[in-house]
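>
Residue numbers (our numbering): 1 to 84.
1) For residue 31, which of 68, 80, 84 has the nearest alpha-carbon?
2) Hey, how far is the Cα of residue 79 from the Cα of residue 66?
3) Taking residue 23 as part of the alpha helix (DSSP H), name the residues at either end of that continuous run.
4) Out of 77, 11, 82, which one is the CA nearest neighbour of residue 22?
5) Would you decide whether residue 33 is buried or exposed? Buried here means 16 or more other CB atoms lie within 10 Å of its CB.
Right under this line is the structure:
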């Protein structure tokens with residue numbers, strides 16, 4: 001699989017994409033981060049089965065960190081949801 005250095009269906013820069021994602025309502029941002037964590041975990045498992053232990057470990061750690069970020073953003077949503 002070839003990995004791209006841009007999002008094909010997004011015309012802006014990665015910095016612009018980061019800003020747009022950061023501007024999502026926090027519940028939506030948490031969902032996005034959960035999906036990203038799941039993708040990284042799946043990639044980790046795939047690389048592990050291919051004998052790429054170091055890469056698999058790095059991707060698993062990244063998945064866990066992104067999942068943690070999703071939890072924190074979900075907490076932020078619960079704080080601000082009553083005021084929306």
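Built from N, CA and C at the ideal position, the CB exists for glycine as well.
Reading it off the structure:
1) The closest CA to that of residue 31, considering only 68, 80, 84, is found on 68.
2) The alpha-carbon atoms of residue 79 and residue 66 are separated by roughly 20 Å.
3) Neither: residue 23 is in no alpha helix (DSSP H) and is coded neither H nor E.
4) Closest by C-alpha distance to residue 22, out of 77, 11, 82, is 77.
5) buried
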